[in-house]
Each structure stands twice: as structure tokens, then as C-alpha cells.
Amino acid sequence: MGKTVSAMSRAFAHLSDEAVIALIARSDEQALGELYDRFGRVAYGLALRILRDDALAEDAVQEAFLSAWRRADTFMPERAKASTWLLTIVHRRAVDLVRREERRRAEPIEAAGDRPGDGPAEDLVWLRYERERVQAALRQLPDQQREALELAYYGGFTQSELAERLGQPIGTIKSRMFSGLGRLRELLAEPESGERTWEPRPSTT
Amino acid sequence: MGTAALHDLTAAYALDALDPDERREYEAHLARCERCRDELASLSETATSLAYAVDASTPPPQLRDRILASARAERLNVVPLRPRWAIPAAAAAAVAIAAAIVLAVWAASLSSKLDKERALASDQERVAAILAAPDAHPYGVPSGGLLAVTTNGEAALVLRRLPPARKGMTYEAWVAENGKPRPAGTFDAGRDVTAVPLDLPVPRGATVLVTQEKDGGTDVPQHTPFITVNTA
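Sequence order for the protein chains is A and B.
The first sequence lines up with residues 2 to 206 when you count with this note's numbering.
The second sequence lines up with residues 595 to 826 when you count with this note's numbering.
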């Protein structure tokens, strides 16, 4: 990845994620490769965090991208960002697998293995920035809400399993997930410099 | 389960924390409940941000090839319908959500005040067709987005995070040749991605402009363009 920039991948460089999916809906294999180049690392990191097993994580990512390949025509850019659509599929696939394998773990996210990546530098900077932003928001949540989100999203536990594991009524678990996710949404939506403005800038293209 | 209880499952569904029965029940509810579809769209984006809190890992290099090879194999075979039980859950969920959207569009078609929604959906289809045309050429739009133009000049603008036009105003696209801009359609914005098929063909060398004009648009631009894309 990133070692040889072919004419083809340069041709995709200007396309939004949503446009790449529109091409995939037309069975464009190169576009599927482009989608993988953009999200393969995040997808694999997520699957590995949930499944804790290289081979299973590969299976989850492969099945998720093939699902995206088959279902790209159902993607509605008005309904979801392309990244949300794709990573939702990856997450669902990994969670279904972990439930089948009974392989769930639930260490805090700080314990996730840190493997310095080797992708294009700008890609890493962006990912690092996003990671710090989300982790900072997570740290601001009350402990019980953060725990509910992490156990559900990274551990693959259902709300009923969580109620049992934490010895709490299911209503309490539901409300922790609901409040935690709602609060996280607010924290992530807080304005950041430059992100939500639409200022004419000198063209770089 | 009562309707109120089903609304409450939106966060758990966004986190994939429902067991299979609850999931099915919630998806059936989703097809009927616009409020939950909107809430789910927003909470799913938040839930997905958790994927970025994990350290990205480099997948084994052969994974990319394997995915592309499987995709190619699927395309070359005329795949018979897979047995129902073999459809991955994610695909099934996608089908459920697509069904919900189809329902929503159908419901919208019954109400004339929602005609705008239908127009939007058909704009989306036109833009998707232009983007997917094998001869479409993309030009970058500064501040995010692209202009796609096919060899016969069919063109679409895709803009990211364009806020709604000011009150009483609308966005208007222009195609300019030899310095003379001609109106190519008005549009509104405010969604994450604004997709606009242009009403006029864009000949090679022409410039596409976007201005803000008073509601209804004008024949000659009255305001300075804030987007200028040259196709030379």
C-alpha cells in the first residue's frame, strides 16, 4: 500500500468515499481496491480488537468488503457517510463471529496492541488525530457509561449479557448505553477549528 | 414489546448489542418509524467513531488480493440466489434498511409537500449514473468535493459539508464559456454530501461556478462565485 501509486489510484484520488461506492455499485473492481486502501487498516484494527485473532479478523474484513461489493447499490449517501456504512458492516460481521466463537474479551481499549503502521504518512497523521479525538471524548464519559459502550462495541456483548455480567437490571444497561452514546455524540460534535466551516481556500488540485 | 420500548433500543442497535430476536424486532420497527431511522443514522455515526479509537493495524498484504479475487469471481458467475440462511447478518440488515428507505420514499410520494424528497432521490440517481460512467472525468473542488464530467458533457457536482444557503437565498450553478456564465440549476444544501446534476452540458474548457442568489435563482449571477472549477 502506498509504495507504487499507479495511474489508476491517482484517478481515484479526487473521488469522495461516496463516489467510490457508486463505482463499486457498478461492479468496478478498482474502486473496491480503492475502498480497501482507504479503510482496510481501520477495518482490520477494529476486527482484530473485537476478535483477538488474526485469521478471524481477516475473515471478518473479507466478508465485510464482499458484502459491501454486493450491496453497494443499496447505499444511500443521504442516509449515512460511506465510512459509517462500511464500518457498520465490518463491526456487525466481527460481532457475529465473536459471538459464534465465544471469544469475547473486554480489556479497556488502552490495552489494544500498538503496532506502528507503515501506510502513507498523511493517512497515519489523520488516523492518529481521529484516534486521539475519540479517545479524549471517551475519557470524558462517566465510568459506567464508558464501560457499557466499550463492552458492547469492542467486547461484542449484548445488552442482556451485560446486565448479567455487571449484575444490573437491563433497564440500567440500556440507559447507560443510551446516555453514553448520546453524550459521546455531543462531545464529538463540539466545533473544531476548520472542520465545519466552508471557506473558499486556494485550490490545491 | 411496546413502541416506546422499541425506540429505546436505538442506541443498543447502533452498538450491535441486541440479540437476534431483539434485532429482528427492532428492524421491523425501523421500517415504520422515521424518528428511529433518523436517530439511528446519527447514533450509528457516533458508534462508528469508536472504530477509530482502536489502533489501526496493517492487515496482511495478501488480504487485499483475496478480497479482489473473490469479488471478481462473484461478478463472473451468475450467482444463483443464496439460500436464505446463508445471507450474512450484515447483508440482511442492509436489506432491512433499504426496505425502510423504499417505504419512506413511497410514503413521501403520497404527500405533495414532500415532493422535494422525490426530486432529491432522482437527482441522486442522475449523479450516481454520471459518477459511474466509465468516461467521467473528475475535477477537484477546493474545500471538498468534485465535479464529474462525461465526454458528452453531462456533469454533476458533489460537494461535502456545504451548509444551507442563507435565508431567502438559494445556491445556483453556472456553466461559463468565454467568460459568459449561463444558469445550470438551483439547489439547496445542508446535508453531509450535496449531489447536484447540472442542467447544462459542460464543454471541455468551460468553467463551472456556484453562487448564492435570491430564492428562485437568476439568469445572470448577482454574487461572487465561491466555487470555481475550471475544466481546461
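A virtual CB, placed ideally from N, CA and C, is assigned to each residue, including glycine.
| query | result |
| --- | --- |
| Counting only Cβ-Cβ distances shorter than 7 Å, please list the residues of the stretch 132-146 of chain A near chain B, keeping chain order. | R132, V135, Q136 and L139 |
| Taking buried to mean at least 16 other C-beta atoms within 10 Å of its own C-beta, is K175 (chain A) buried or exposed? | buried |
| Buried or exposed: which applies to P775 (chain B), given that a residue is buried once 16 or more other Cβ atoms fall within 10 Å of its Cβ? | buried |
| Thinking just about the alpha-carbon of each residue, which of B:P777, B:D632, B:A770 and B:R629 is nearest to the one in T764 (chain B)? | B:P777 |
| Assuming R42 (chain A) and P653 (chain B) form a contact by the criterion Cβ under 8 Å, report the distance between their Cβ atoms to the nearest whole angstrom. | 7 Å |
| So that I know if they touch, is there some Cβ in chain B lying closer than 8 Å to that of V96 (chain A)? | yes |
| When we look at the beta-carbon of H817 (chain B) and count the other beta-carbons within 10 Å, is it buried (16 or more) or exposed? | exposed |
| Using only CA atoms, which one of B:S664, B:N772 and B:D809 lies nearest to N824 (chain B)? | B:N772 |
| Are the beta-carbon atoms of L39 (chain A) and D18 (chain A) separated by less than 8 Å? | Inspection of the sequence shows that residue 39 (chain A) is occupied by Arg rather than by Leu. The answer is yes: Cβ separation under 8 Å. |
| What does DSSP give as the partner residue(s) for P754 (chain B) in the beta ladder? | Looking at the sequence shown, residue 754 (chain B) is not Pro but Arg. In the DSSP output, where bridge partners are listed per residue, R754 (chain B) has B:V787. |
| Just the Cα atoms here: how many angstroms apart are E621 (chain B) and A635 (chain B)? | 13 Å |
| At which residues does the beta strand (DSSP E) containing P614 (chain B) begin and terminate? | Counting along the chain, P614 (chain B) falls outside any beta strand (DSSP E), though it belongs to the alpha helix (DSSP H) covering P614 to L624. |
| Could you tell me the alpha carbon to alpha carbon distance between L52 (chain A) and D97 (chain A), rounded to whole angstroms? | 10 Å |
| Tell me the rounded alpha-carbon separation between P117 (chain A) and A767 (chain B). | Below a pLDDT of 50, predicted positions are generally treated as unreliable, and P117 (chain A), at 45, falls in that range; the measurement from the model is reported next regardless. Distance between the alpha carbons of P117 (chain A) and A767 (chain B) is about 45 Å. |
| Using a Cβ cut-off of 7 Å, pull out every chain D residue sitting near D613 (chain B), in sequence order please. | This model lacks chain D altogether, as its protein chains are A and B. |
| Rounding to the nearest angstrom, what Cα-Cα distance links G734 (chain B) and A26 (chain A) in this structure? | 22 Å |
| Kindly indicate the opening and closing residues of the beta strand (DSSP E) around V804 (chain B). | T801 to K808 |
| Provide the residue(s) that pair with P143 (chain A) in DSSP beta bridges, ordered along the chain. | Answer is none; P143 (chain A) lacks a bridge partner. |
| On the DSSP letters alone, give me the boundaries of the alpha helix (DSSP H) that L792 (chain B) sits inside. | Per DSSP, L792 (chain B) belongs to no alpha helix (DSSP H) and is neither H nor E. |
| Quick test of your reading: Y37 (chain A) and I661 (chain B), contact by CB under 8 Å. State the CB separation rounded to the nearest angstrom. | 6 Å |
| Which residue comes first and which comes last in the beta strand (DSSP E) that contains E771 (chain B)? | M763 to E771 |
| Judging by CA-CA distance, which residue of B:E807, B:V804 and B:V769 is the nearest neighbour of R798 (chain B)? | B:V769 |
| Check the Cβ-Cβ distances between D782 (chain B) and every residue of chain A, and say whether any is below 8 Å. | no |
| Please confirm if T173 (chain A) has its CB atom under 8 Å from at least one CB of chain B. | no |
| Going straight from the alpha carbon of A606 (chain B) to that of F820 (chain B), what length do you get? | 42 Å |
| If you measure from the beta carbon of A622 (chain B) to each beta carbon in chain A, is any gap under 8 Å? | no |
| What residue from B:E668, B:T801 and B:E616 has the CA that sits closest to G747 (chain B)'s CA? | B:T801 |
| With 8 Å set as the bound, which would you pick, yes or no: does the beta-carbon of R666 (chain B) sit closer than that to a beta-carbon of chain A? | yes |
| Leaving out five residues before and five after D782 (chain B) in sequence, what residues of the same chain have Cβ atoms less than 7 Å from its Cβ? | P758, A759, T764 and Y765 |
| Cα-Cα, which of A:E191, A:A12, A:G156 and A:Q31 is closest to A95 (chain A)? | A:G156 |
| From what residue to what residue does the beta strand (DSSP E) around F76 (chain A) run? | That residue, F76 (chain A), is in no beta strand (DSSP E); it is neither H nor E in DSSP. |
| Could you give the distance in angstroms between the alpha-carbon of I724 (chain B) and the alpha-carbon of S84 (chain A)? | 22 Å |
| Is the beta carbon of A69 (chain A) closer than 8 Å to that of S638 (chain B)? | no |
| Assuming A149 (chain A) and L163 (chain A) make a contact with CB atoms under 8 Å, what is their CB distance in whole Å? | 7 Å |
| If we ignore side chains and look at the alpha-carbon of each, how far apart do A190 (chain A) and E131 (chain A) end up? | 13 Å |
| Starting from Y37 (chain A), follow the beta strand (DSSP E) in both directions and report where the run begins and ends. | Here Y37 (chain A) belongs to no beta strand (DSSP E); instead the alpha helix (DSSP H) covers E30 to L52. |
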